[in-house]
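Residue numbers (this note's numbering), protein chains in the order written: chain A, 92 to 224; chain B, 76 to 544.
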């Protein structure tokens, strides 16, 4: 396995540098464009674009509920996947160095977790959550 | 030793070079995309600005700056600017953990006047910031009390990448999922119906494909027990039977295809481009954007392609590893090299592999028609999520069955050829089961039936109730 680089908080300093680069790049680009570009306005130009027609009504209105259901089912399943990550980081080392019983315990805990996830998945399927037609 | 080497860590240079290189590549990827589109459609493509249109990206960039950055009166002023800024910011941040060139090792010799108590302390003082001292420094003292001189030889290593985080893959997934906000905020703040619908569709598309994306990454993570991309790449840089590189494309082909599909969907590109379906939604979530704010959306799409393709290369194609490119000095740690040239060459290998994956992106975009919304959703929720979940189970079970009996795996943690063959067979069996299972599933209801629109002239409702006299 690779050399153990020390796991220090200073490892995150490059990310701070990238945050500075990122903010600098984004802000300078937008400001430069605002300064250099022309600026002319008028009632027709300020109107919302609707293929050249006079805009009909407002956009702030209710929309199809199926997007809300997608967001909910995403939350349910994605949070479960986050729980897989710590499990995945210890499984291979335990299989390598631990006893067979420890490996079996980890595998069975995964199976129970996936079974619970599948119950939720089957319930959602039965309820018609995955019907978009 | 020069002042720069001890006081400015290597990652500062790597960060600026990688940032500049990726932005430059993005500009030329747009030209490449237009050339590929033209070639697919039997046209010439951009060829007026400079030879072969090579100066076109510069002209495009200047135009972005010189055009008017207009905001419609009804748009939310702050969110309208925040959305493209957030998209680009996230893409710049996401390149942090890409393992460009393995580990650089340097051995130095310094002379200190007088005898010294702790060679390690002196060596640590002269080690560049961010590098790790390896082993014990060797001290040689010469001369007598007054003219004594100590020669210290010490070795240090640093990762040839921007940030060596132990949660690398998780960091990239987390950062890239923020880009969903850029799309939905941009669509909402424009206060335009096209933008709003595009933003909604893009959100549904992107969050749906994040689930199989995370699961297909997990199938790789579980094999090595590490989230560090550098570790995952190094574990792929050995050979089976002395010739076949131990890349994950050979052990997890199914996970690779799931991952490739997911990064297409995450990039909102054809065939998953319902977010900006030109024929229906004008420009999708960036309909109202112009000048540099539009440019940032555009750049971030291509920058995101580079990052996700690079992650794909690191997970499935061995990252910087290229058979025949030597330079490693430590047999136990193939990533360690003493030569800066090898590090740069490895970064180039990594980059060329990334460009090949991006070539697949462009090939797919100009070959396949757009999916319908329900087809995209069905593919994610009914097909890819169960497949990825089962692949995770199969990988874990294979590791459990073969790992404890494999002496080489127990000693090093590397995937041996026996386990690779087992994983490949498991993949093939999975594919057969999926093909057989898909035929057994009840057929989906016909999706192209006519939808009743009450009150319209296409309404198939029974005749209206006779009006009471």
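Where a beta carbon is used, it is the ideal one built from N, C-alpha and C, also for glycine.
Delimiting residues of the alpha helix (DSSP H) encompassing residue i
| i | result |
| --- | --- |
| residue 414 (chain B) | Where residue 414 (chain B) is concerned, there is no enclosing alpha helix (DSSP H), given that its DSSP letter is neither H nor E. |
| residue 124 (chain B) | No alpha helix (DSSP H) holds residue 124 (chain B); DSSP gives it neither H nor E. |
| residue 212 (chain A) | 191 to 217 |
| residue 354 (chain B) | 353 to 356 |
| residue 142 (chain B) | Premise fails: residue 142 (chain B) is in no alpha helix (DSSP H) and is neither H nor E. |
| residue 363 (chain B) | That residue, residue 363 (chain B), is in no alpha helix (DSSP H); it is neither H nor E in DSSP. |
| residue 135 (chain A) | 134 to 137 |
is_contact[residue i, chain B] using C-beta, thresh 8 Å
| i | result |
| --- | --- |
| residue 133 (chain A) | no |
| residue 93 (chain A) | Only weak support exists for where residue 93 (chain A) lies, its pLDDT of 42 falling under 50; the value from the coordinates is given anyway. Yes, contact with chain B. |
| residue 187 (chain A) | yes |
| residue 182 (chain A) | yes |
| residue 128 (chain A) | yes |
| residue 100 (chain A) | no |
| residue 176 (chain A) | yes |
| residue 156 (chain A) | no |
| residue 170 (chain A) | no |
| residue 145 (chain A) | no |
Check whether residue i and residue j have beta carbons under 8 Å apart
| i | j | result |
| --- | --- | --- |
| residue 475 (chain B) | residue 198 (chain A) | yes |
| residue 411 (chain B) | residue 403 (chain B) | yes |
| residue 139 (chain B) | residue 380 (chain B) | no |
| residue 144 (chain B) | residue 128 (chain A) | yes |
| residue 394 (chain B) | residue 369 (chain B) | no |
| residue 212 (chain B) | residue 234 (chain B) | no |
| residue 113 (chain A) | residue 167 (chain B) | yes |
| residue 433 (chain B) | residue 129 (chain B) | no |
| residue 274 (chain B) | residue 360 (chain B) | yes |
| residue 201 (chain B) | residue 243 (chain B) | no |
| residue 513 (chain B) | residue 469 (chain B) | no |
| residue 117 (chain A) | residue 397 (chain B) | no |
| residue 232 (chain B) | residue 207 (chain B) | yes |
| residue 281 (chain B) | residue 345 (chain B) | no |
| residue 460 (chain B) | residue 286 (chain B) | yes |
| residue 330 (chain B) | residue 201 (chain A) | no |
| residue 299 (chain B) | residue 183 (chain A) | yes |
Where the beta strand (DSSP E) through residue i begins and ends
| i | result |
| --- | --- |
| residue 403 (chain B) | 403 to 405 |
| residue 210 (chain B) | 207 to 217 |
| residue 180 (chain B) | 178 to 188 |
| residue 224 (chain B) | 224 to 234 |
Rounded C-alpha distance that separates residue i from residue j
| i | j | result |
| --- | --- | --- |
| residue 457 (chain B) | residue 221 (chain A) | 7 Å |
| residue 95 (chain A) | residue 165 (chain B) | Low local confidence applies: a pLDDT of 48 at residue 95 (chain A) is under 50, so the model's placement there is unreliable, and no value is given. |
| residue 297 (chain B) | residue 180 (chain A) | 6 Å |
| residue 448 (chain B) | residue 284 (chain B) | 13 Å |
| residue 136 (chain A) | residue 126 (chain B) | 37 Å |
| residue 247 (chain B) | residue 205 (chain B) | 21 Å |
| residue 145 (chain A) | residue 124 (chain A) | 29 Å |
| residue 306 (chain B) | residue 158 (chain A) | 38 Å |
| residue 92 (chain A) | residue 353 (chain B) | For residue 92 (chain A), the predicted structure reports a pLDDT of 36, less than 50, and the residue's modelled location is therefore unreliable. A value from the coordinates is still provided. In a straight line, the C-alpha of residue 92 (chain A) is about 49 Å away from that of residue 353 (chain B). |
| residue 401 (chain B) | residue 323 (chain B) | 20 Å |
| residue 140 (chain A) | residue 264 (chain B) | 13 Å |
| residue 154 (chain B) | residue 147 (chain B) | 13 Å |
| residue 465 (chain B) | residue 483 (chain B) | 27 Å |
| residue 266 (chain B) | residue 358 (chain B) | 14 Å |
| residue 116 (chain B) | residue 478 (chain B) | 51 Å |
| residue 498 (chain B) | residue 463 (chain B) | 14 Å |
| residue 439 (chain B) | residue 374 (chain B) | 20 Å |
| residue 503 (chain B) | residue 154 (chain A) | 43 Å |
| residue 99 (chain B) | residue 92 (chain B) | 10 Å |
| residue 390 (chain B) | residue 337 (chain B) | 14 Å |
| residue 209 (chain B) | residue 348 (chain B) | 50 Å |
| residue 134 (chain B) | residue 119 (chain B) | 18 Å |
Cutoff 8 Å: residue i Cβ touching any chain A Cβ
| i | result |
| --- | --- |
| residue 149 (chain B) | yes |
| residue 201 (chain B) | no |
| residue 492 (chain B) | no |
| residue 380 (chain B) | no |
| residue 273 (chain B) | no |
| residue 261 (chain B) | no |
| residue 164 (chain B) | yes |
Chain D contact residues for residue i, given Cβ-Cβ distances below 8 Å
| i | result |
| --- | --- |
| residue 140 (chain A) | No chain D is present in this structure, whose protein chains are A and B. |
TODO: Determine which residues of the stretch 195 to 214 of chain A have a Cβ less than 9 Å from any Cβ of chain B, and write them out in chain order.
DONE: Hits within the stretch, in order: 195, 197, 198, 201, 202, 205, 208, 209 and 212.
TODO: Name, going along the chain, the residues of the stretch 439 to 473 of chain B whose beta-carbon falls closer than 8 Å to a beta-carbon of chain A.
DONE: Residues passing the 8 Å Cβ filter: 448, 449, 452, 453, 456, 457, 460, 461, 464, 467, 468, 471 and 472.
Open item on the list: If the cut-off is 9 Å on Cβ atoms, which residues from the stretch 385 to 403 of chain B count as contacting chain A, listed in chain order?
Closed with: Cβ contacts with chain A come from no residue of the stretch 385 to 403 of chain B.
Open item on the list: Which residues of the stretch 113 to 125 of chain A have a Cβ closer than 7 Å to any Cβ of chain B? Give them in chain order.
Closed with: Within the stretch 113 to 125 of chain A, the qualifying residues are 113, 114, 116, 117, 120, 121, 123, 124 and 125.
TODO: Could you run through the stretch 283 to 306 of chain B and flag, in chain order, every residue whose CB is less than 7 Å away from some CB of chain A?
DONE: Listed in chain order, the positions of the stretch 283 to 306 of chain B with a beta carbon within less than 7 Å of a beta carbon of chain A are 283, 285, 286, 289, 290, 293, 296, 297, 298, 299, 300, 301, 302, 305 and 306.
- [ ] Could you name the residues of the stretch 222 to 239 of chain B whose beta carbon sits closer than 7 Å to any beta carbon of chain A, in the order they occur along the chain?
- [x] Within the stretch 222 to 239 of chain B, contact with chain A at the beta-carbon level (separation under 7 Å) is assigned to 232, 234, 237, 238 and 239.
Task: Residues in the stretch 418 to 434 of chain B having any Cβ partner in chain A nearer than 9 Å - done: Taken residue by residue, none of the stretch 418 to 434 of chain B has a beta-carbon sitting less than 9 Å from a beta-carbon on chain A.
Open item on the list: Counting only Cβ-Cβ distances shorter than 7 Å, please list the residues of the stretch 82 to 110 of chain B near chain A, keeping chain order.
Closed with: Cβ contacts with chain A come from 86, 87, 90 and 94.
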